[in-house]
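Quick notes on the structure that follows.
Below is the structure:
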């Protein structure tokens with residue numbers, strides 16, 4: 185079967201009067217995965233090879249090193265040190281002694297609470313558990329949106345999506361974010377309290393606090409609004425109770441550095457899906473990107 189036939193079958197399967205063509209979708213997802221691997225995965229690993237060999241960078245889960253180091257500090261009874269960049273950097277270098285970079289932790293204490301158990305496992309075991317658990321939740325949430333595709337039909341397009349491999353490479357939390365957002369949106373109409381609880385758990389990503397409430401207010405879903413507020417408040421109180429008030433003071437003290445990192449492209453605009461990042465990549469100034 186040639187590529188033209190595969191694409192034509194997939195296009196036909198998307199029309200309303202044709203059933204979903206799982207075989208065509210499978211071939212397409214495999215082709216996209218192969219293309220992504222050849223174009224990004226291999227060159228990236230080649231560029232990392234020297235750092236990996238010298239112990240200066242983990243093979244996978246570069247950003248995850250920030251989460252893991254935060255866990256080592258929290259388990260040592262010093263969670264507030266996560267927001268002291270010198271101490272957090274030292275914790276990272278205790279995991280990878282040759283590491284010369286730094287992966288900052290700008291998340292609020294709620295996310296630190298989620299990260300806290302990670303260092304109970306060795307680094308790569310913790311990374312595997314983190315990615316495995318969060319992807320399972322992500323897959324379960326996304327599969328609800330296309331039940332006719334079946335397990336395999338749902339899995340391959342997710343794997344083929346470029347952000348999938350990027351999240352695996354960096355050991356980031358996008359699987360968890362997607363699970364909560366997709367699960368909440370799917371449950372919104374029939375189970376608004378559950379949807380609200382899932383939305384509220386996204387409080388560890390404060391930027392969503394600007395988007396989700398607008399959606400809920402427009403739709404007038406007051407039960408979901410109440411549940412989201414209660415869920416977010418419970419999450420914050422849990423972080424306060426278990427980690428202490430000093431952690432919150434450290435978080436607010438470091439917040440301006442997060443703003444600076446964004447303005448100076450320390451994170452990488454190409455990693456973000458936002459109007460701000462799009463405008464910066466297009467050459468706009470920082471102020472112009474904020475206005476847009």
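In this note's numbering, the protein residues as written are 185 to 476.
Backbone N, C-alpha and C define an ideal beta-carbon position, used for all residues, glycine too.
Here the structure is a predicted model, which is why all the values come from computation and not from measurement.
Roughly how many angstroms separate the alpha carbons of residue i and residue j, rounded to a whole number?
i: residue 257; j: residue 431; result: 12 angstroms
i: residue 200; j: residue 370; result: Bear in mind that the predicted position of residue 200 carries a pLDDT of just 48, short of 50, making it unreliable; the figure below should be weighed with that in mind. Going by the C-alpha atoms only, they are around 21 angstroms apart.
i: residue 309; j: residue 472; result: 43 angstroms
i: residue 362; j: residue 439; result: 24 angstroms
i: residue 323; j: residue 372; result: 18 angstroms
i: residue 296; j: residue 325; result: 23 angstroms
i: residue 418; j: residue 382; result: 12 angstroms
i: residue 475; j: residue 458; result: 13 angstroms
i: residue 425; j: residue 415; result: 15 angstroms
i: residue 433; j: residue 268; result: 11 angstroms
i: residue 314; j: residue 463; result: 32 angstroms
i: residue 343; j: residue 349; result: 7 angstroms
So is residue i buried or exposed if we call it buried at 16+ other beta carbons inside 10 Å?
i: residue 248; result: buried
i: residue 391; result: exposed
i: residue 187; result: The predicted model places residue 187 with a pLDDT of 47, which falls under 50 and marks its position as unreliable, so this point remains unresolved.
i: residue 285; result: exposed
i: residue 266; result: buried
i: residue 396; result: buried
i: residue 263; result: buried
Whose C-alpha, out of the options, is nearest the C-alpha of residue i?
i: residue 357; options: 252, 465 and 439; result: 252
i: residue 245; options: 255, 396 and 312; result: 312
i: residue 307; options: 254, 468 and 384; result: 254
i: residue 447; options: 468, 427, 433 and 437; result: 468
i: residue 272; options: 250, 458 and 331; result: 250
i: residue 384; options: 420, 402 and 464; result: 420
i: residue 410; options: 305, 354, 300 and 379; result: 379
For the putative contact between residue i and residue j, defined by C-beta atoms under 8 angstroms, what is the C-beta separation to the nearest angstrom?
i: residue 405; j: residue 376; result: 5 angstroms
i: residue 386; j: residue 400; result: That pair is no contact at about 12 angstroms.
i: residue 303; j: residue 259; result: 5 angstroms
i: residue 422; j: residue 290; result: With 8 angstroms as the limit, residue 422 and residue 290 do not qualify as a contact, their Cβ atoms being about 20 angstroms apart.
i: residue 388; j: residue 294; result: 4 angstroms
Practice item. Could you tell me which uninterrupted beta strand (DSSP E) segments, each at least 3 residues in length, are contained entirely in the stretch 410-462, listed from first to last along the chain? Key: Restricting attention to beta strand (DSSP E) runs no shorter than 3 residues, the stretch 410-462 encloses none.
Check your understanding: In chain order, which continuous runs of the alpha helix (DSSP H) of length 4 or greater are located wholly inside the stretch 286-311?
Key -> 293-299
**Runs of alpha helix (DSSP H) wholly within the stretch 247-272 (minimum 4 residues, chain order)** = 248-259
Handout entry: Sequence ranges, alpha helix (DSSP H) only - wholly within the stretch 311-383, length at least 4
Key = 334-344, 346-354 and 358-371
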